[in-house]
Amino acid sequence: MEKILVLGGGAAGMSASSRVRRLRPDTEITVLEQTKMVSHAPCGIPYFVEGLFNDENLFMTYTPGFFKEKRKINVITNTKVEELDLQSRTVKIARMPEKLEYDYLIVTLGAKPKKIKNVDGKRIFYVHHPASAAELRAKLWSLNTIGIIGGGILGVEMSEALVSIGKKVILFQRSNYILNKMLDEDMSKIIIETMKKDVDIKLGEEIEDIKEDGTLIITNKGKYSVDGTIISIGVEPNIDLIKDKLKLGKTGAVWTNSHMETNVKNVYAAGDIAETKNIVTGKEFWIPFAPVANKMGYVAGSNIGGKEMEFPGSIGTMITKYKDMYIAKTGLLENEAKGNGFNVISSMIHTKTRARYYPGSKDIFVKLIAEEETNRILGAQIIGGEEVLGRIDMLAAQIMKGFSVEDVFFTEMGYLPAISEVWDPVIIAARQLMKS
């Protein structure tokens with residue numbers, strides 16, 4: 001009986017092990033997870049902090065018990081790998097005197113928060129894993145003024161969560177606009193104006209130090225007293241265990257081929273620890289998001305299970321929200337496209353989400369980016385009060401398949417006055433590009 005060992009019980013790890021189990025019912029599958037949770041959803045932490053739900057078990061799609069009983073996967077939680085030997089194909093963990101042997105290894109150790117060097121304190125917080133969400137919430141709820149370092153997705157979502165429960169939030173962003181990994185500056189200004197109603201946003205401020213246990217934030221422009229500080233400056237691949245054992249790619253994540261195989265035979269990597277390629281540019285890409293991780297795990301599990309499958313890469317589709325405004329991006333930003341050598345044309349339009357006579361219409365902004373020579377769509381950004389997800393998902397499919405501006409324009413979309421205008425916002429943006 002072949003032994004499959006999975007390091008990490010998050011999205012990719014449980015997707016991979018479940019896929020192997022379906023294809024190879026005769027295998028022995030063991031998952032090692034450092035926390036008490038598997039198949040967990042870190043994206044839910046801001047909503048938990050906001051108090052939208054209280055049951056920690058809701059962070060897990062399935063519990064460890066479900067995988068053990070229903071899928072016959074040996075899940076070992078609250079355990080850390082002490083030693084990994086790729087030559088002897090063994091793993092050592094603290095709770096067992098003997099080493100675990102494997103025939104196939106799947107590395108799904110995820111990502112970890114980036115930290116500010118030499119900064120620590122009792123009131124400095126990182127928002128990362130659901131297993132510590134209850135402790136985090138209890139501490140944040142006891143504070144009044146909270147500084148957030150970093151205006152990315154997590155910084156924006158935590159700002160919403162905290163102002164919704166009556167906290168004063170000061171958000172510090174090093175660049176001149178927020179969400180700079182998913183929006184161009186012209187689109188970011190829209191959400192900044194919305195957030196400024198609730199959040200004290202400090203743009204272009206570099207953090208120089210955080211003192212007094214996290215209650216004094218010092219930037220290049222001033223000093224700010226707070227009751228606590230959340231650091232959300234991004235994440236990085238959690239490669240501590242394997243950085244000297246597996247080949248790393250140009251992004252710093254584990255190199256894999258399209259089958260999710262590493263450079264070591266019978267060792268696979270998937271999820272936030274693994275590098276892939278950007279479908280638009282063809283270059284190395286690292287995209288630490290659950291939908292991608294799940295599919296990477298599925299591909300790894302399929303190949304181990306005997307069903308050949310390739311992961312095509314990613315285009316970086318992402319979506320977040322601030323209160324009633326949904327914010328989405330797919331493909332390349334305009335500055336990314338230019339940085340990758342594309343000659344770019346772009347359009348940005350502002351319209352409404354419903355027919356003029358139908359009540360409740362909301363604002364929606366759409367930006368499209370295309371390659372000038374070929375008219376191929378390279379990227380899109382949408383901010384709006386409703387019907388954002390469906391439109392960005394459609395654009396993601398179009399970008400993956402290489403649609404031109406004209407292809408987007410002639411895509412036959414549904415029309416209903418209650419949820420769209422007869423000229424859909426995406427079609428209007430494409431029409432603007434056709435004039436270029």
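Anchor point for the sequence shown: position 3 equals 3 in full-length UniProt numbering, and the numbering is continuous, going up by one each time.
Every residue, glycine too, gets a C-beta built ideally from N, C-alpha and C.
G228 is bridged by DSSP to I146. The beta carbons of S314 and F342 sit no closer together than 8 Å. Here N294 is near A12, since their CB atoms are less than 8 Å apart. Close CB contacts of I210 within its chain, under the 6 Å cut and outside five residues either way in sequence, are with V119, I217 and T229 (chain order).
Distance from G150 to S232 at the Cβ level is roughly 4 Å; contact confirmed, criterion being Cβ atoms closer than 8 Å. Per DSSP, reduced to three states, the secondary structure at K68 is helical.
Close CB contacts of I279 within its chain, under the 7 Å cut and outside five residues either way in sequence, are with P312, G313, S314, I315 and M400 (chain order). Rounded to the nearest whole angstrom, the C-alpha separation of K122 and V388 is 39 Å.
Taken atom to atom, the span from the alpha-carbon of A380 to that of L23 is near 38 Å. If you draw a straight line from the Cα of A290 to the Cα of G271, it is about 8 Å long. Annotation for R174: E206 place their beta carbon closer than 6 Å to its own, counting only its chain and skipping 5 residues before and after. Residue range I153 to S164 is occupied by the alpha helix (DSSP H) that includes V156, with no beta strand (DSSP E) assigned at that position. The residue from A41, M309 and E157 with its alpha-carbon nearest to that of N257 is M309.
Y326 carries a strand assignment under DSSP once its states are collapsed to helix, strand and coil. CA-CA distance, R391 to V235, rounds to 28 Å. The three-state reading of DSSP puts M37 in coil, since its state is none of H, G, I, E or B. Secondary structure note for S346: its beta strand (DSSP E) is the uninterrupted segment V344 to K352. Here the segment 67-87 makes no contact with the segment 49-59; the two share fewer than three CB pairs at distances below 8 Å. Assignment of beta-bridge partners to F59 by DSSP yields no partner. Cβ-Cβ distances below 7 Å link A134 to E56 in the same chain, with the five nearest sequence neighbours on each side left out; the list follows chain order. In the structure shown, D85 falls within a strand segment according to DSSP collapsed to helix, strand and coil.
Here V292 has S314 as same chain residues with Cβ atoms under 6 Å from its own Cβ, once five neighbours each way along the sequence are excluded. C-alpha of N74 to C-alpha of L84: approximately 19 Å in a straight line. I287 sits in coil when the DSSP states are folded into three classes, being neither helix nor strand. The count of Cβ pairs closer than 8 Å, one atom from the segment 241-255 and one from the segment 80-100, reaches three, so the stretches are in contact. Cβ contact annotation for I192 (same chain, cutoff 7 Å, sequence separation greater than five): Y177, I178 and I201, in chain order. Straight-line measurement puts the Cα of K323 at about 16 Å from the Cα of K168. L100 is positioned such that its CB atom lies closer than 8 Å to that of T30. In the DSSP annotation of this structure, A131 is not part of any alpha helix (DSSP H), being labelled neither H nor E.
The Cβ atoms of I364 and T351 lie closer than 8 Å to each other. Taken atom to atom, the span from the alpha-carbon of N78 to that of G152 is near 30 Å.
Within the segment 358-433, the complete beta strand (DSSP E) segments at least 3 residues long are 363-371 and 377-384, listed from N- to C-terminus.
Straight-line measurement puts the Cα of K362 at about 11 Å from the Cα of A418. Take E336, set aside five residues on each side of it, and no residue of its chain has a beta-carbon closer than 6 Å to its own. DSSP places V20 inside the alpha helix (DSSP H), whose first and last residues are A11 to L23. About 12 Å separates the CB atoms of R21 and Y298; that is not less than 8 Å, and the two are not in contact.
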